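**Student:** Supplied in structure tokens, the structure appears directly below.
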Amino acid sequence: MAPWKALPEHLDPQAGRLVDRLRRLKDATGLSFTALATRTSCSRSSWERYLNGRKLPPADAVTELAVLAGADPDRMLALHTLAAQTWTGPQPKDAATPGTSGAGPEPTEPEPEPEAVPEAAAAPAPAPAEPDAPAAVPPVLRGEPDGPAEPARARPARRALLAAGGALVVVAAVLAVVVTLVLPGRGATGAGEEEHRRTATEEFAFKPDRTYDCDVHRFEGRLYAGHSDTQDALLQQISTTWEVVEAQCLLEHRGYRIGGIDGAYGPATERAVKRLQDKEGLVVDGIMGPHTWEALRR
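To convert, note that position 219 of the sequence shown is 219 in the working numbering; the numbers rise steadily by one, no gaps.
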């Protein structure tokens, strides 16, 4: 994305803050000026003037951009109000020249009639409403006229945009939950890759009276029980590790009963491993190795 041009020097801090915030919102949407025009009520050339600090954007435009970027429209309207009170400055020579912004005159967006007021005499308060004039007449950069008609238009539009934005957020949340629950490879608990990787990190300590729960799920085509990701750990009698807990969980899940899941590779676990090896056509030695792990995780 090309860097923004420097703001005009005549902009005061409040106006500069509004334009800078609007630029950040546009960047957050990832939309070009053309795409932004199709998603809002303002034309491409209007957005170029607003975001280059050559013209104060109307309240409707500020609200629409805030909703598109997921920002707080009320906060942006507060910045707009402060900027409108102090927006003054000379009219740029190319403000209404066709081709400077990539678009010609805008018959759908009449601009206020120029006012012959010296820059030093410009009051900080918003200018009174003036009659509309054709877009080709260069406007003096003053705040948008305040009057009862603007809030009357802005409020219904803002409410509609906020309602639409809220509905989109709800739909996105519902879709996220559905995708998490039904996508294959996420398991019955809907665990994603990050959840799958949360295997036991503490050092294993065998306690005869302690048993462990199994979170058996399928991830990338393999079965896991949430205690180890190993594919080749060698296990045999007397082994006491998290890998043993993993193997016991998967053996129980496949129907090879061993009793409690305690993490100790005892005779019951060895017999279950031998039954698995016999069924899968492996060497029946009762030792967990790479080939037995491969069969167990299928």
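We put the CB at the ideal spot given by N, CA and C, even for glycine.
Every value quoted in this text rests on a predicted model; they were computed, and no experiment measured them.
Tell me whether the beta-carbon of R275 lies closer than 9 Å to the beta-carbon of Q231.
**Tutor:** Along the sequence shown, one-based indexing puts residue 275 at 275. Along the sequence shown, one-based indexing puts residue 231 at 231. No, the pair does not count as a contact, with Cβ atoms beyond the cut-off.
**Student:** Is the Cβ-Cβ distance between Q14 and T63 less than 9 Å?
**Tutor:** Position 14 of the sequence shown holds residue 14. Position 63 of the sequence shown holds residue 63. No, Cβ-Cβ distance for Q14 and T63 is not below 9 Å.
**Student:** Here's a check: name, in chain order, each residue in its chain whose Cβ is nearer than 6 Å to the Cβ of G226, leaving out the five neighbours to either side.
**Tutor:** As a working mapping, residue 226 is identified with position 226 in the sequence shown. Once the five neighbours on either side are set aside, the close Cβ partners of G226 are D215.
**Student:** For L18 versus L65, is the C-beta spacing smaller than 9 Å?
**Tutor:** On the sequence shown, residue 18 is found 18 positions in, with the first residue counted as 1. On the sequence shown, residue 65 is found 65 positions in, with the first residue counted as 1. No, they are not a contact pair.
**Student:** What whole-angstrom Cβ distance do L22 and P57 have, given they're in contact under 8 Å?
**Tutor:** In the sequence shown, counting from the first residue as 1, residue 22 sits at position 22. In the sequence shown, counting from the first residue as 1, residue 57 sits at position 57. L22 to P57, Cβ: 7 Å. Contact.
**Student:** Tell me the DSSP bridge mates of M288?
**Tutor:** Counting from 1 along the sequence shown, the entry for residue 288 is found at position 288. Answer is L235, bridged to M288.
**Student:** Straight-line CA distance for V302 to W242?
**Tutor:** This structure leaves residue 302 out entirely; the chain is present only between 1 and 298.
**Student:** I need the straight-line Cα distance from P131 to A176, nearest angstrom please.
**Tutor:** In the sequence shown, the residue the question calls residue 131 occupies position 131. In the sequence shown, the residue the question calls residue 176 occupies position 176. Its pLDDT being 47, under 50, P131 is placed unreliably by the model, and nothing is read from it.
**Student:** Which of the three DSSP states, helix, strand or coil, is assigned to L31?
**Tutor:** One-based indexing of the sequence shown puts residue 31 at position 31. L31 falls in the coil class under three-state DSSP.
**Student:** Considering Cα atoms alone, identify which of G70, A69, L68 and D60 is closest to L77.
**Tutor:** Counting from one through the sequence shown, the residue named residue 77 turns up at place 77. The shortest Cα separation from L77 among G70, A69, L68 and D60 belongs to D60.
**Student:** Ordered along the chain, which non-local residues of its own chain (more than five positions away) have a Cβ less than 7 Å from that of L68?
**Tutor:** Here residue 68 refers to the residue found at position 68 of the sequence shown. Around L68: T29 and R39.
**Student:** Taking the CB atoms as reference points, tell me whether T240 and L251 lie closer together than 9 Å.
**Tutor:** Reading the sequence shown from its first residue, position 240 is the one you call residue 240. Reading the sequence shown from its first residue, position 251 is the one you call residue 251. No.
**Student:** Please classify E144: is it buried, with 16 or more other beta-carbons within 10 angstroms of its beta-carbon, or exposed?
**Tutor:** Working through the sequence shown from its first residue, we reach residue 144 at position 144. Summary for E144: the model assigns pLDDT 47, below 50, so the residue's position carries little reliability, and this model does not support an answer.
**Student:** Where does E246 land, buried or exposed, given buried means 16+ other C-beta within 10 angstroms?
**Tutor:** The sequence position of residue 246 within the sequence shown is 246, counting from 1. Counting Cβ neighbours within 10 Å, E246 comes out buried, since at least 16 surround it.
**Student:** Residues in the same chain with beta-carbon distance under 6 Å from S32, minus the five sequence neighbours each way, listed in chain order, please.
**Tutor:** By 1-based counting over the sequence shown, the position of residue 32 is 32. Closer than 6 Å at Cβ, skipping near neighbours: no residue.
**Student:** May I ask which residues mark the beginning and end of the alpha helix (DSSP H) holding H253?
**Tutor:** Locating residue 253 in the sequence shown gives position 253, where the first residue counts as 1. That run of the alpha helix (DSSP H) goes W242 to H253.
**Student:** Which word fits Q237, buried or exposed, when buried means at least 16 other C-beta atoms lie within 10 angstroms of its C-beta?
**Tutor:** Residue 237 sits at position 237 when you count from the first residue of the sequence shown. It counts as exposed.
**Student:** Following the continuous beta strand (DSSP E) through L223, name the residue where it begins and the one where it ends.
**Tutor:** For this step, residue 223 is matched to residue 223 along the sequence shown. Note, L223: beta strand (DSSP E), R222 to Y224.
**Student:** May I have a chain-ordered list of the beta strand (DSSP E) segments no shorter than 3 residues that lie completely inside the stretch 25-85?
**Tutor:** Counting only runs of 3 or more, we get nothing.
**Student:** Kindly indicate which three-state DSSP category A6 falls into: helix, strand or coil?
**Tutor:** In the sequence shown, residue 6 corresponds to position 6, counting from 1. Reduced to three states, the DSSP call for A6 is coil.
**Student:** With C-beta atoms as the reference, is A233 less than 9 Å away from W293?
**Tutor:** Against the sequence shown, residue 233 aligns to sequence position 233. Against the sequence shown, residue 293 aligns to sequence position 293. Yes.
**Student:** Look at the alpha carbon of R222 and the alpha carbon of M288, and state the distance between them as a whole number of angstroms.
**Tutor:** Here the question's residue 222 lines up with position 222 in the sequence shown. Here the question's residue 288 lines up with position 288 in the sequence shown. Approximately 17 Å, taken between the alpha carbons.
**Student:** For L79 and A71, I'd like the C-alpha separation in whole angstroms.
**Tutor:** What you label residue 79 is simply residue 79 of the sequence shown in a count that begins at 1. What you label residue 71 is simply residue 71 of the sequence shown in a count that begins at 1. Going by the C-alpha atoms only, they are around 13 Å apart.
**Student:** From C42, E9 and G259, pick the residue whose C-alpha is nearest to that of D209; which is it?
**Tutor:** For the purposes of this step, residue 209 is identified with residue 209 of the sequence shown, where counting begins at 1. The candidate whose alpha carbon is nearest that of D209 is G259.
**Student:** Anyone know if the C-beta pair for Q277 and A295 falls short of 9 Å?
**Tutor:** As a working mapping, residue 277 is identified with position 277 in the sequence shown. As a working mapping, residue 295 is identified with position 295 in the sequence shown. Yes, the pair counts as a contact, with Cβ atoms nearer than the cut-off.
**Student:** Which stretch, first to last residue, makes up the beta strand (DSSP E) that contains R271?
**Tutor:** Looking up residue 271 in the sequence shown gives position 271. Premise fails: R271 lies in the alpha helix (DSSP H), P267 to E280, not in any beta strand (DSSP E).
**Student:** For V283, I'd like the list of residues in its chain whose CB is within less than 7 Å of its CB, leaving aside the five on either flank, ordered along the chain.
**Tutor:** Walking along the sequence shown from the start, residue 283 turns up at place 283. For V283, where only same-chain residues beyond five positions count, the Cβ hits under 7 Å are Q277.
**Student:** Going along the chain, which residues of its own chain have a beta-carbon closer than 7 Å to the beta-carbon of D12, five neighbours each way excluded?
**Tutor:** As a working mapping, residue 12 is identified with position 12 in the sequence shown. Contacts found: T86.
**Student:** Answer yes or no: do N52 and P8 have a C-beta to C-beta separation smaller than 9 Å?
**Tutor:** Locating residue 52 in the sequence shown gives position 52, counting from the first residue. Locating residue 8 in the sequence shown gives position 8, counting from the first residue. Cβ atoms of N52 and P8: closer than 9 Å.
**Student:** Thinking C-alpha only, which one of Y50, C42, S41 and K26 is nearest G16?
**Tutor:** Numbered from 1 along the sequence shown, position 16 holds the residue referred to as residue 16. Checked all of Y50, C42, S41 and K26; the closest Cα to G16 is Y50.
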